Every structure is written in structure tokens, then in C-alpha cells.
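S.K.: Quick note on numbering: this note's numbering labels position 142 of the sequence shown as 126, and the sequence is numbered without any gaps.
Cβ atoms here follow ideal geometry from the backbone N, Cα and C, with glycine treated the same way.
All of these numbers come straight from a predicted model, not from anything done at the bench.
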Amino acid sequence: MALLHYNPPQSPWLNILYRDDDILVLDKPSGLLSVPGKQPQHKDSLQLRVMRVFPTATVVHRLDMATSGIMLFALNKPAHKHIGLQFERRQTKKRYFARIYGSPARQQGSVDLPLICDWPNRPKQKVDTENGKNALTHWQVIHRAPDWSLVELEPVTGRSHQLRVHMLSLGHPILGDRLYAHEQALAMAPRLQLHAGELTICHPVTEQPISFTSAHPFG
């Protein structure tokens, strides 16, 4: 799917949550690419903005363009390797918040459904029990409204679009999701209602757990 009208937010240019000699943590706004796109008009990204101020910074993980919230950068090669292995080994802890369509029957649960790229409709992903890669998400309702619910999501794996497809599989797509929401859910929000609200890692130098939080903007 092409970015027909890429108009990333300009203010704040960079929202820095934490910085030391080894890592940099930022709050990415919805609508800004994590890394530059292939086309010249899609160069503006959090990575490009960060590197203009911190030339040694490298991307450790990404968020979808429409997703807001915490993104972490490494400021040197040893830090990048250390944190990259934590993500690879699933030693990090991530919490997201999302407004979803409707109200789940249960208060909490898990979705354990393998995912694969829906190649004819890329970048969309789909559930594929035969060829997909394992994907696990824990979820919990934290607020119910008449026609939507606010949920806390904890992805154990980190597949592309995992949270979006897993919520869809429950019959509760994330509001404002241009790729997966049905017409009613899409119309209920001006942007994807998904926010990376918490990230916990072991600091690459001290080896101590360190957590970063960003309040979700969904009320």
C-alpha cells in the first residue's frame, strides 16, 4: 500500500524521554515513519530526525507508521548488539494500549495464532496455521465504553502487525486501522488507536532492568 499523502507531524520534532551515553528513548508520534521509505518524499522519519542530532544512533526496533509511542535507539555498536539480542531472545517486555471496536465477552485472554505476509495484499498480514510464524499476544480490558473498549496488550513475539491482526481475529479490530478495520471501526477514529506505552530492557552497560513509559492519548 503506497503512502499516498505522507504528511508527518512536525511538532514536536523530537520528543526525547530518556538519554544517556548508550541509549536514546523517544516518543514517536502517529503518522511518522520509523525509518525512511524508498521514495524521496518518504525520507522524513524518526530515524532521520534522530541521526541529525545523534549521528551514531541506530534503530533497534520499529513501530508501524500509524502507531505512536516508545522507540529505542542505540548510541554505539556494543549497545545495539546487547539490546538487539534482548529483542531477539524475547527478553524485553512491551505493553501497548489500544481502543478496539466493541466489547470482548471476557475480561482478559491470549491470542496464539501464527502469522504470515498476505503477499497479494502486502503489507497486510494474515493468520496461517500451516505456514505462519508463531505469534502470541496477551490482552486485558481496562475500560469499556458503549461501542468500544480500551485494552492493554502484551506481545510475547514481535511479528509485523501482530497486535492489529490478533485483535481482528477476536472480532474487535483496532479503531482507525486503515488496513484491517471494517467501515464502522475505521470511521470511529482519525488515526490508528494503538500506542506503545511501556518498554522494559536490561541496560546494556549496567545490566539492570530499566523501564520507560509513555501515557496513551486515548482518554
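1) In the structure shown, what three-state DSSP assignment does residue 203 receive?
2) Between the beta-carbon of residue 112 and the beta-carbon of residue 98, is there less than 9 Å?
3) Taking 9 Å as the cut-off, decide whether the C-beta atoms of residue 31 and residue 20 are in contact.
4) Under a three-way DSSP split, which group does residue 156 fall into?
5) At a threshold of 8 Å, does residue 55 count as lining the ligand COA (C-beta to nearest heavy atom)?
6) So, using beta-carbon positions, are residue 88 and residue 156 closer together than 9 Å?
7) Just reading off the beta strand (DSSP E) that residue 21 is part of, what are its end residues?
8) Under the three-state reduction of DSSP, which class applies to residue 110: helix, strand or coil?
9) Output the boundary residues of the alpha helix (DSSP H) element that contains residue 179.
M.R.: Quick look at the numbers:
1) Residue 203 sits in coil when the DSSP states are folded into three classes, being neither helix nor strand.
2) Yes; because the gap between Cβ atoms is below 9 Å, this pair is in contact.
3) yes
4) coil
5) Summarising the ligand content, the structure contains no ligands, and the ligand COA is consequently not present.
6) Inclusion of residue 88 and residue 156 in the CB contact set at 9 Å is warranted, their separation being smaller than that value.
7) Careful: residue 21 lies outside any beta strand (DSSP E) and carries neither H nor E.
8) strand
9) That residue, residue 179, is in no alpha helix (DSSP H); its beta strand (DSSP E) goes 178 to 186.
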